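Student: Throughout the sequence shown, residue numbering follows the UniProt record's numbering, covering 1 to 728 in sequence. From the three backbone atoms N, C-alpha and C, an ideal C-beta is built for every residue, glycine too. Keep in mind that this is a model prediction, so the values were computed, not measured. Got a structure here, written out as structure tokens. Questions coming.
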Amino acid sequence: MNYTTTLGSIGLLCLLFAAVHPTRDGASIDQPGNSNWPNYGGNKAGNRYSPLNQINLSNVKNLKVAWTYDAAATDSKTGRQPEIQCQPIVVNGILYGTSPKLKLFAVEANTGKQRWLFDPFKDRQARFNPNRGIMYWEDGNDKRILYSAGPTLFAINALTGEPVAQFGKNGEVDLREGLIADPKIDIKKLSVSATSPGTIYNDLLIIGSAVSEYGDAAPGHVRAFDVRTGTMRWIFHTVPQPGETGYETWPKDAYKKIGGANNWAGMVLDEKRGMVYFGTGSPAVDFYGGSRAGQNLYSDCILALNAETGKLKWYYQTVQHDLWDRDLPCQPNLVTVKHNGRMVDAVAQSTKDGLIYVLDRDTGESLFPVEERAVPTSGLPGEQPWPKQKFPLKPAPFSRQLFTEADITDRTPEAHAFVKERFQKTRSGNKFMPPSLEGTLLFGIGGGAEWGGNAADPDGILYQNANEMVWDLKMMDMAARTAELKTKGNALYQANCAACHGIDRKGSGQAYPSLVDVGNRLSGQDIQAILKSGRGRMPSFEHISDQDRSTLVRFLLNTESKTSETGDHHSAAAPTAVAEKSEFPYIPPYINNGYTRFFDPDGYPAVKPPWGTLNAINLNTGEYLWRVPLGEFPELTKKGIPLTGTENYGGPIVTAGGLVFIAATYDERIRAFDRKTGKVVWEYQLPAGGFATPITYQVDGKQYVVIAAGGVKNGHKPGGSYIAFALP
């Protein structure tokens, strides 16, 4: 693969009449001169492409801040602000987005002046979750914004900011309703939200959900609601039920206790075909599948459903019996490519482990060769790993597949020795090595690709950012661990918190902070509120009782006295009363050590650079055109170290002006790249990290580029502003 190859010049005629182009299906953004960015992903095909070219290679260096909207100012100034991951939309000169605390706002897209503000948690308990976008629908004078906050799907009048009374109950639908039929389960205790928006087909709002990833996980069924009334019109069971295709790929009645397999990353729509396409995540619980022997359809699948009925057209499973949390983490991208001499409508899906599947939109067949190879099957007791997994041959992976000794950092001799010592104590040799008590250092738990997605231009070139982070995965025996616990609070912690913050409460250092001295930062009341509401990636803990939440708070603050409740085999993940009456929640015999990135002693990634990249991939041929580092550590650059790239969260957009815009990086900058060469042609230091995907649009003849600079993620300072750039 030649990463230095560049595209030839592309003239205006080629741009307008290119043989290969993003799909045009129902996407007003694709019409020449249109000023809108009306959908998550720009259009319903998820292309993140704009035909605007007022801002171009010749003048992008002149971009200046046109306006700033302080979304954090709409929220309470007390306490730490959550991050913003929202990619806003623009319709008819109005920009709609969400604040750090999920308030919905409308501002004038050319000035940033606020029109209205809606608070989803007014007069109720807040339940925060990441929000990556919103939806717009209109029928004549009926114009609505639809979005989720906590477990609630809202319909809001786009002109006034008031709830639409005709939708659900006074403008609200509870996303927990209709997921589980077992009357013994209190749905109010389920952790269900929608971190990414769905899509709208005619009068149907089709949407997935974000759920827990442990024994209390709700099923990730995909549903369609009547956009006018909020009534559920169809449901597709991602964990099949008796009589449904795929039921045989699980143990009998697995649907009664297994959740997950959810679409949390968004979906795309082919309006001409009347088909909706999306990816699903791993089944619960992550990293141990002893209770779910089998292939586990429809987890880790690219799915094509009839948008009107929810009936399955086809599926393509990327990981069978997932033991590595390798969700499909972003929207697919609908493109048309030239393959074997003919034009093919295709769906391109990127993965956490750095792969791209390019499938025929009608059949689900891969356009490029994919091999199934034997993989290790020596798993934990009770585990039955699937014996074969898929390996696409084209395009080549855009991130590393296996951590080898040759990958160990050589930034300093001390860093090399530190990482090598840990490497020699773990299992390695295959990216599908089953999780173990010994531990594994691996790629792919956090991307590869992430929720920011990718962009496709009219020539069939896919622009994909990538992470190159090593993760330290080690399993522990839940029963043995529980027997060692000294307090009920510790048992609660191990069952509910250790999987993210680690068994020792030290966290990952960035995404999951240390809780060792949490009392120095937060009061007991603050911790109670977070447990009740959730924050960032952390879900609400409504699945445990108020009494257990109080016990957990005392444990975290080191104020709990030892009691005779120690050693009880009933862990706090599953209240005894529920466990005796129902198969849900499920308590696994093994639990992971937390979502732990592996860094060298100085806090840099444990592998040789690049640590983050931006890639241009020709989907017609499967070949790479260029690959460049994305982001930098200025202190390393000053030492003469070549650009390393950084971990990055958020995605790119591409424009007819020959530019790729992306923020996402650890250094808190937004950049413009020449889409032909990968050269940086403009950059701006944001006031806080831009961990979101930008947009571009035009109002009154002026083109704007907007990014949400929310900060917070991975230990960054908080922000909370939307920043618009334009030419002077």
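Which of the three DSSP states, helix, strand or coil, is assigned to Phe368?
Tutor: coil
Student: Go ahead and pull the three-state DSSP assignment for Pro609.
Tutor: coil
Student: Does DSSP put Glu244 in a helix, a strand or coil?
Tutor: When secondary structure is reduced to three states using DSSP, Glu244 falls in the coil class, being assigned neither helix nor strand.
Student: Can you list, in chain order, the residues of its chain whose CB lies under 8 Å from that of Glu365, leaving out five sequence neighbours each side?
Tutor: Excluding residues within five positions, the ones whose Cβ falls inside 8 Å are Leu359.
Student: Whole angstroms are fine: how far does the CA of Gly452 sit from the CA of Ser58?
Tutor: A direct Cα-to-Cα measurement between Ser58 and Gly452 gives close to 27 Å.
Student: Look at the Cβ atom of Asn593, then the Cβ atom of Glu647, and state whether they are nearer than 8 Å.
Tutor: no
Student: Go ahead and pull the three-state DSSP assignment for Thr677.
Tutor: coil
Student: Assuming Ala149 is part of the beta strand (DSSP E), what are its boundary residues?
Tutor: Start and end: Asp142 to Ala149.
Student: Looking only at C-alpha atoms, which of Thr665, Val65 and Ala456 sits nearest to Val337?
Tutor: Ala456
Student: Here's a check: name, in chain order, each residue in its chain whose Cβ is nearer than 7 Å to the Cβ of Val699, leaving out the five neighbours to either side.
Tutor: Ser35, Gly93, Ala109 and Asn110
Student: Report the rounded CA-to-CA distance for Asp568 versus Lys488, giving the unit in angstroms.
Tutor: Reliability fails at Asp568, whose pLDDT of 30 lies under 50, so the model's placement of it is uncertain and the value that follows must be treated cautiously. Rounded to whole angstroms, Asp568 to Lys488 spans 8 Å at the Cα level.
Student: What does a CB cutoff of less than 6 Å around Ala72 pick up in its chain, not counting 5 residues either side in sequence?
Tutor: Gln81, Pro100 and Gly720
Student: What does the Cβ neighbour count give for Glu383, buried or exposed, with the cut at 16 atoms within 10 Å?
Tutor: buried
Student: Using CA atoms only, rank isn't needed, just tell me which of Thr68, Val60, Phe121 and Val107 is closest to Ser76.
Tutor: Phe121
Student: At the level of alpha carbons, what is the spacing between Thr280 and Lys638?
Tutor: 42 Å
Student: State the Cα-Cα distance for the pair Arg292 and Leu522, rounded to the nearest angstrom.
Tutor: 39 Å
Student: For the beta strand (DSSP E) containing Ala708, list its first residue and its last residue.
Tutor: Lys702 to Gly711
Student: Tell me the rounded alpha-carbon separation between Gly678 and Tyr255.
Tutor: 47 Å
Student: To the nearest angstrom, how far is the alpha carbon of Ala692 from that of Pro240?
Tutor: Cα-Cα distance, rounded: 34 Å.
Student: Alpha carbon to alpha carbon, what distance is there between Ile503 and Ala304?
Tutor: 40 Å
Student: Taking only the alpha-carbon atoms, compute the straight-line gap between Thr23 and Phe368 and give it to the nearest angstrom.
Tutor: Because the pLDDT at Thr23 is just 44, under 50, the model does not fix this residue reliably, and the value given afterwards should be weighed accordingly. Rounded to whole angstroms, Thr23 to Phe368 spans 20 Å at the Cα level.
Student: Can you tell me whether Ile641 is buried or exposed, with buried defined as 16 or more other CB within 10 angstroms of its CB?
Tutor: For Ile641, the number of other beta carbons within 10 angstroms of its own is below 16, and it is reported as exposed.
Student: Pick helix, strand or coil for Ser564, following the three-state DSSP scheme.
Tutor: Confidence at Ser564 is low in this model, with a pLDDT of 33, below 50, so its placement is unreliable and the value that follows should be read with caution. Three-state result, Ser564: coil.
Student: Quick test of the definition: if touching needs 3 or more C-beta pairs under 8 Å, does the region 42-52 touch the region 648-661?
Tutor: Short answer: they touch.
Student: With DSSP as the reference, please indicate the residues paired to Asp548 in a beta bridge.
Tutor: Beta-bridge pairing by DSSP links Asp548 to no other residue.
Student: So for Phe287, helix, strand or coil by DSSP?
Tutor: Note: Phe287 maps to coil in three-state DSSP.
Student: So if DSSP puts Ser50 in a beta bridge, which residue, or which two residues, is it bridged to?
Tutor: Thr655
Student: Here's the rule I'm using: 16 or more other beta-carbon atoms within 10 Å means buried, otherwise exposed. How should Asp139 be labelled?
Tutor: With fewer than 16 other Cβ atoms within 10 Å, it is exposed.
Student: What is the C-beta distance between Leu63 and Phe725, in whole angstroms, given that I count them as a contact (C-beta under 8 Å)?
Tutor: 5 Å
Student: Which of helix, strand or coil does DSSP assign to Thr576?
Tutor: A caution first: Thr576 carries a pLDDT of 29, below 50, which makes its placement in the model unreliable, though a value can still be read off. In the structure shown, Thr576 sits in a helix (DSSP, three-state: H, G or I).
Student: Looking at Glu468 and Gly612, is the spacing between their C-beta atoms short of 8 Å?
Tutor: yes
Student: Can you give me the Cβ contacts of Trp314 inside the same chain, cut-off strictly under 6 Å, excluding the 5 residues immediately before and after it?
Tutor: Ala304 and Gly364
Student: At which residue ranges does the region 616-668 contain complete alpha helix (DSSP H) runs of 4 or more residues, listed in the order of the chain?
Tutor: 634-638
Student: Helix, strand or coil: which one does DSSP assign to His716?
Tutor: coil
Student: Please report how far the alpha carbon of Leu442 lies from the alpha carbon of Asn296, in whole angstroms.
Tutor: 23 Å
Student: Can you tell me the Cα-Cα spacing of Asp147 and Leu153, whole angstroms?
Tutor: Sequence inspection shows Tyr at residue 147; the Asp mentioned does not correspond to that position. Approximately 6 Å, taken between the alpha carbons.
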